[in-house]
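Contents: one structure, followed by commentary.
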Amino acid sequence: MHWADVLADELLKENKKHILATGITPSGPIHIGNMREILTTDAVYRCLLSKGGDAELIYVADDFDHLRKVYPYLPNSYDKYVGMPISDIPCPCGNHKSYADHYLISFLNALKEIGVKPKIYRANEMYKSGNYNDAIQIALENTNKIKEIIQKISKRELPKDWIPFNVKCDKCGRITSTKATLYEYPFIEYICDCGNSGEVDIKNGGVGKLPWRVDWPARWKMLNVTFEPFGKDLGTVGGARDTGKEIVEKIYDYPAPKYAVYEFIMLKGMGAMHSSKGTALSAEELLNMTPPEVLRFLITNNQPDKHLVFDSGLGLLNLVDEYDKLERVYFEKEEAIKGMKDLKKTYELSQPYDIPKTFPFQLPYRHLVTLIQIGQEWNEVKKILLRTKQIPKDLTKDEENHLKQRTEHASYWLDKFAPDMVKFEVKKKVPKIDLTEEQVKFLSSFIKKLSSIDWEAENVHNAIYDSSQKDNIPIKTAFKSIYQIILGQEKGPRAGYFLSNLDKEFVIKRLKEAIK
RNA sequence: GGGCCUGUAGCUCAGCUAGGUAGAGCAUCUGGCUUUUAACCAGGUGGCCAAGGGUUCGAAUCCCUUCAGGCCCGCCA
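Counting with the numbering used here, you get residues 1 to 516 for the letters of the first sequence.
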């Protein structure tokens with residue numbers, strides 16, 4: 001059984017409405033690992049629905065969380081915002097409502113592309129509108145119990161005057177620098193490091209925030225959460241999950257949600273980029289270079305507790321190939337290989353939107369990577385494909401959109417991540433090269449040969465061999481000459497296919513110019 | 001110190017949530033092909049499933065122990 005079905009069955013033992021939650025703090029570019037959280041939850045959600053369960057998928061953005069420090073990608077001037085809720089901080093680019101929105105919006109757009117449609121909650125709105133008020137009051141009334149729970153389970157010593165609430169200073173706006181001096185419902189008196197002191201009324205929303213270890217369980221109760229996965233960093237003994245379970249059950253009188261712990265996604269082949277420079281692969285980049293169904297496949301094909309290595313180099317092409325193979329097996333165009341597990345479910349869960357009813361037209365992704373370097377954009381690529389009869393004339397709109405989308409991903413990948421060995425550029429003019437006598441001889445026969453053939457890959461391929469043999473020129477030299485003249489480099493894609501994808505007249509004209 | 005994951009062919013891994021003949025890709029070898037962006041086609045070689053014990057008619061698969069590696073936690077969230 002597929003892992004998502006196993007989790008769904010577990011939930012279905014309780015016959016009630018299930019709220020499946022994901023929560024990510026938009027304090028920086030949304031990370032590749034966060035993709036796993038949302039796709040893991042979505043997979044369970046879909047399984048629940050397909051089994052007839054009543055379920056809702058929600059996403060809580062904790063945008064009331066405070067800025068921890070000035071991250072490397074922020075200007076130094078952000079120093080003054082450290083400690084303030086990220087929804088109160090101005091947007092780094094100036095085009096969004098707040099710092100939080102800046103990162104949140106791009107993530108929400110990404111969700112659309114991978115076909116995840118959760119109900120969105122924003123913590124800052126929940127606090128400000130007063131949704132949290134009851135939870136805050138209950139927490140404050142149970143300060144000692146909560147303190148004991150946290151100290152016992154996390155083995156951490158809390159300050160004597162600790163209360164489960166961080167007041168936001170009404171002068172400097174920070175929630176990290178205040179200290180409560182007196183609580184008498186509904187008022188909290190506080191002093192702040194900035195020199196300010198004052199009093200807040202917790203019946204007014206947004207005057208402060210529950211600390212994380214209390215905020216999380218309070219949210220479970222408030223939103224009736226029944227399932228929420230989290231990364232292995234939170235799953236540790238004595239961590240927020242452990243204290244949260246105790247707090248939600250003892251203080252908020254609500255059963256702790258079921259969960260799954262997921263492993264992190266590592267990056268491969270990026271060398272300096274992720275470790276030394278401290279720049280991680282953002283969800284946005286991940287999505288720009290990976291077709292959405294392939295990204296979903298990466299997650300659904302692996303158990304959550306399995307650590308994944310994402311290879312943004314040539315490995316990405318293999319991943320796409322693997323997905324395409326799964327698709328062929330799903331539609332019975334190919335035999336399944338032994339050990340292919342839950343292939344039907346995996347394929348279905350990999351679809352961002354509707355599951356295709358018939359086998360979608362496939363074009364090898366590697367070939368697309370070559371074509372997009374000849375055609376630059378989809379319309380050009382499409383012309384080539386039609387001319388060379390590599391796609392049928394009656395391609396459906398969906399199939400065309402799918403191919404188009406894939407060329408866009410391939411294109412982004414080529415720009416940002418592809419190794420040089422797969423890159424080339426059809427030069428606008430004849431590159432400056434000194435051709436040997438041998439090469440000129442070969443090219444002359446080759447041009448003649450080309451003029452008389454039908455412009456098809458195999459014919460072109462044969463023409464290369466015929467011409468090189470005729471004058472007894474090494475085949476390596478023949479290939480090299482062609483690549484030099486068209487691409488300005490010594491190697492290139494399989495020559496016959498490659499040339500046949502270019503315009504015949506263009507090729508002949510270019511070759512003639514080169515030997516002039 | 002604690003937790004999670006991993007250990008299967010030379011390499012990367014699937015198979016473990018159905019206990020029932022050990023699987024793929026790459027590499028290698030053979031044959032074919034007028035070698036071209038990790039070429040293609042057909043076939044072959046290759047494994048004491050980390051080690052030891054247990055459960056079972058039967059274990060890569062379930063349980064226990066040991067060894068080895070990776071990651072996370074032991075600031076804050």
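Every residue gets a Cβ at the ideal spot worked out from N, C-alpha and C, and that includes glycine.
For a cut-off of 8 angstroms, the C-beta gap from Lys480 to Ala463 is around 16 angstroms, too long to register as a contact. Looking at Thr346, Glu263, Lys117, Asp170, the one whose alpha-carbon comes closest to that of Gly83 is Asp170.
Its chain contains Ser312, Leu316, His409, Tyr412, Trp413, Lys416, Phe417 as the residues whose beta carbon lies nearer than 8 angstroms to that of Met289, once the 5 sequence neighbours on both sides are disregarded; these appear in chain order. Put simply, the backbone Cα of Ser106 is about 45 angstroms away from that of Lys432. Remark: three or more beta-carbon pairs, one from each stretch, lie closer than 8 angstroms, so the stretch 453-469 and the stretch 492-511 are flagged as touching. Judged by DSSP in its simplified three-state form, Arg241 adopts helix. Taking one beta carbon from each stretch, the stretch 244-260 and the stretch 211-221 have 3 or more pairs nearer than 8 angstroms; the two touch.
A check of alpha carbon separations from Gly235 across Ile247, Glu246, Tyr259 identifies Tyr259 as the nearest. Segment contact: the stretch 350-360 against the stretch 378-385, fewer than three CB-CB distances shorter than 8 angstroms; contact not assigned. Here the alpha carbons of Ala4 and Ile188 stand approximately 45 angstroms from one another. For Ile391 and Glu400, the gap between their C-alpha atoms comes out near 10 angstroms. Going by DSSP, Ile508 is part of the alpha helix (DSSP H) stretching over 504-515.
Per the C-alpha coordinates, the member of Ile38, Arg46, Gly23, Gly28 positioned closest to Lys345 is Arg46. The Cβ neighbour count for Cys192, taken over all protein chains shown within 10 Å, is at least 16; the residue is labelled buried. Bounds of the beta strand (DSSP E) holding Arg122 are 119-122.
Taking C-alpha positions only, Ser445 is separated from Leu435 by approximately 15 angstroms. The alpha-carbon separation between Asn15 and Leu363 amounts to approximately 45 angstroms.
Pairing Ile247 with Arg241, the inter-Cα distance amounts to about 10 angstroms. For Tyr185, the secondary structure class from DSSP, reduced to helix, strand or coil, is coil. Counting only runs of at least 4 residues, the stretch 50-118 fully encloses the following alpha helix (DSSP H) elements, listed from N- to C-terminal order: 99-113.
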